[in-house]
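Visitor: In the numbering used here, the protein residues as written are 290 to 617.
Ideal placement from N, C-alpha and C gives every residue a C-beta, glycine not left out.
My questions all concern the structure below.
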Ligand code: NAI
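Here you go:
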């Protein structure tokens with residue numbers, strides 16, 4: 290029998306946590322033959338609700354779920370972790386400036402990065418979901434000098450999936466016929482969803498659409514502002530789709546991308562495409578043998594270049610701000 294994989298989830302009592310934990314326990318995160326142990330981290334006020342969710346997990350009698358432990362201490366929660374999903378974060382509240390938001394989250398993701406550094410398993414893989422996800426991931430990574438930097442990633446898979454869905458809607462194509470969509474930059478309203486390299490049943494997607502105005506005025510803002518549209522409609526932020534994307538991100542990271550396709554993830558930049566080295570920015574990535582690799586050598590056209598640059602500039606500004614605040 291296989292040794293169980295330790296999966297630590299922070300913010301376990303939140304809405305994404307509620308949509309995520311059952312899917313992890315059912316085998317969708319890693320594979321239908323991989324037993325898991327859940328390690329849930331909450332703030333003290335969240336522990337009781339996490340215990341309630343754990344009771345429900347018990348009640349599912351998932352064959353692959355070999356244990357659930359609940360903590361309010363990061364060192365304990367990340368002890369032996371093979372996969373860490375950092376979902377819990379400090380949300381932006383009314384009147385909060387970007388600096389306040391970054392500072393509040395630095396107070397969470399710095400110590401969690403250090404706790405990962407000191408306690409996680411050697412093969413730890415980290416996905417940051419909590420916003421601002423890219424910069425939170427950078428803060429955590431900077432506090433984990435003993436962990437290879439490429440183990441820290443930020444989630445743009447929800448944006449990636451949203452882009453596929455919008456493209457399918459526009460063209461009438463099946464979602465499964467769409468490949469090589471890319472999200473560039475920050476998981477924020479400045480992100481750039483790029484279909485110039487995407488394919489629909491093997492044909493170039495931008496040529497199939499042949500409507501630059503739709504791209505500029507409809508597709509890009511619809512994808513980039515989808516989170517706000519969901520809040521408007523649902524009265525609460527995306528939770529099930531965010532959890533689904535987290536499942537997709539880790540599943541792909543561990544099990545690989547399909548031949549001839551790629552996905553999008555916030556990964557540490559190696560300087561490719563003019564993105565400053567060390568930033569955690571979204572790129573087109575393939576996954577193989579448990580590692581993401583940035584797809585190299587794509588032509589960036591005049592439509593894409595300024596859009597990528599604008600989102601990367603926002604990431605640079607966030608990095609400079611957290612540096613100034615002494616958070617990294
Ligand atoms: P939520 O507010 O329902 O849950 C957050 C949970 O985190 C709460 O239970 C809270 O007690 C817990 N928490 C706060 N600080 C913590 C800490 N230091 N350690 C452990 N737990 C802590 O929020 P929801 O809807 O589950 O969203 C979570 C995060 O995910 C938010 O930051 C949200 O903006 C982000 N998000 C990111 C997306 C992406 O595509 N990257 C998509 C959707 C949401």
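Using a Cβ distance threshold of 8 Å, determine whether the stretch 463-470 contacts the stretch 435-447, with at least three qualifying pairs required.
Guide: As far as the Cβ criterion goes, the stretch 463-470 does not touch the stretch 435-447, which means the pair count is below three.
Visitor: So, helix, strand or coil for residue 593, using DSSP?
Guide: Helix.
Visitor: Look up residue 464 in the DSSP assignment and say whether it is helix, strand or coil.
Guide: Here residue 464 sits in helix by DSSP.
Visitor: Drop a sphere of 10 angstroms on the beta-carbon of residue 607, count the other beta-carbons inside from all chains shown, and report buried for 16 or more, exposed for fewer.
Guide: So residue 607 counts as buried.
Visitor: Shortest alpha-carbon distance to residue 408 belongs to which of 425, 385 and 362?
Guide: For residue 408, the nearest C-alpha among the options comes from 362.
Visitor: So with Cβ pairs under 9 Å, would you call residue 562 a contact of chain D?
Guide: Going by chain labels, chain D is absent from the structure shown, which holds only one protein chain.
Visitor: Compare the C-alpha of residue 602 against each of 530, 367 and 569 and name the closest.
Guide: Answer by Cα proximity: 569.
Visitor: What residue from 599, 548, 590 and 560 has the CA that sits closest to residue 576's CA?
Guide: When only C-alpha atoms are compared, the closest one is 548.
Visitor: Could you check what DSSP says for residue 573 in three-state terms: helix, strand or coil?
Guide: Residue 573 falls in the strand class under three-state DSSP.
Visitor: Which residues in the same chain have their Cβ closer than 6 Å to the Cβ of residue 406, if we skip the five residues on either side of it in sequence?
Guide: Within the same chain, residue 406 has close Cβ partners 433, 435 and 436.
Visitor: So does residue 379 have its beta carbon nearer than 8 Å to some heavy atom of the ligand NAI?
Guide: Checking every heavy atom of the ligand NAI against the Cβ of residue 379, one is found closer than 8 Å.
Visitor: How many whole angstroms separate the CB atoms of residue 370 and residue 328, which I take to be in contact at a CB cut-off of 8 Å?
Guide: Indeed they touch by this definition, with Cβ atoms about 6 Å apart.
Visitor: Tell me whether residue 500 is buried or exposed, calling it buried when 16 or more other Cβ atoms sit within 10 Å of its Cβ.
Guide: The residue in question, residue 500, is exposed, as its Cβ has fewer than 16 Cβ neighbours within 10 Å.
Visitor: Just to confirm, does residue 486 get its C-beta within under 8 Å of one of the non-hydrogen atoms of the ligand NAI?
Guide: No, Cβ of residue 486 sits at least 8 Å from all heavy atoms of the ligand NAI.
Visitor: For residue 539, which residues in the same chain have their Cβ closer than 8 Å to its Cβ, ignoring the five residues on either side in sequence?
Guide: Here the set comprises 318, 319, 372, 374, 414 and 416.
Visitor: Go through its chain and collect everything with a Cβ distance to residue 472's Cβ below 6 Å, but skip five positions before and after it.
Guide: Answer for residue 472: 445, 448, 449, 480, 482, 553 and 571, listed in chain order.
Visitor: Among 544, 585 and 537, which has the Cα closest to the Cα of residue 560?
Guide: Of the candidates 544, 585 and 537, the one whose C-alpha sits nearest the C-alpha of residue 560 is 585.
Visitor: Is it buried or exposed for residue 515, if we count other Cβ within 10 angstroms and need 16 for buried?
Guide: Its Cβ being crowded by 16 or more others within 10 Å, residue 515 is buried.
Visitor: Determine the burial state of residue 458: buried for a count of at least 16 other Cβ atoms within 10 Å of its Cβ, exposed for fewer.
Guide: Result: exposed.
Visitor: Quick one: is the Cβ of residue 385 within less than 8 Å of any heavy atom of the ligand NAI?
Guide: No, Cβ of residue 385 sits at least 8 Å from all heavy atoms of the ligand NAI.
Visitor: At a cut-off of 8 Å, would you count residue 334 as near the ligand NAI, judging by its Cβ distance to the nearest heavy atom?
Guide: Yes, the beta carbon of residue 334 sits closer than 8 Å to at least one heavy atom of the ligand NAI.
Visitor: Determine, using beta carbons only, whether residue 349 and residue 314 come nearer to each other than 9 Å.
Guide: Against a cut-off of 9 Å, the Cβ pair of residue 314 and residue 349 comes out as a contact.
Visitor: Inspect the beta-carbon positions of residue 527 and residue 536 and report whether they are closer than 9 Å.
Guide: Cβ distance not < 9 Å, so residue 527 and residue 536 don't count as in contact.
Visitor: Quick one: what's residue 326 bridged to in DSSP?
Guide: Per DSSP, 295.
Visitor: Starting from the C-beta of residue 657, find all residues in its chain whose C-beta is less than 7 Å away, skip the five residues before and the five after it, and write them out in chain order.
Guide: With the chain covering only 290 through 617, there is no way to say anything about residue 657.
Visitor: Go through its chain and collect everything with a Cβ distance to residue 487's Cβ below 6 Å, but skip five positions before and after it.
Guide: Cβ neighbours of residue 487 beyond the five flanking positions: 469, 470 and 494.
Visitor: Would you give the residue range spanned by the beta strand (DSSP E) that residue 443 belongs to?
Guide: Unbroken beta strand (DSSP E) run through residue 443: 441-443.
Visitor: Taking Cβ positions, are residue 332 and residue 343 nearer each other than 9 Å?
Guide: Taking 9 Å as the Cβ cut-off, residue 332 and residue 343 do not qualify as a contacting pair.
Visitor: For residue 599, I'd like the list of residues in its chain whose CB is within less than 6 Å of its CB, leaving aside the five on either flank, ordered along the chain.
Guide: Within the same chain, residue 599 has close Cβ partners 479.
Visitor: When every heavy atom of the ligand NAI is checked, does at least one fall within less than 8 Å of the C-beta of residue 424?
Guide: It does not: the Cβ of residue 424 is nowhere closer than 8 Å to a heavy atom of the ligand NAI.
Visitor: To the nearest angstrom, report how far apart residue 345 and residue 595 are at their CA atoms.
Guide: In a straight line, the C-alpha of residue 345 is about 48 Å away from that of residue 595.
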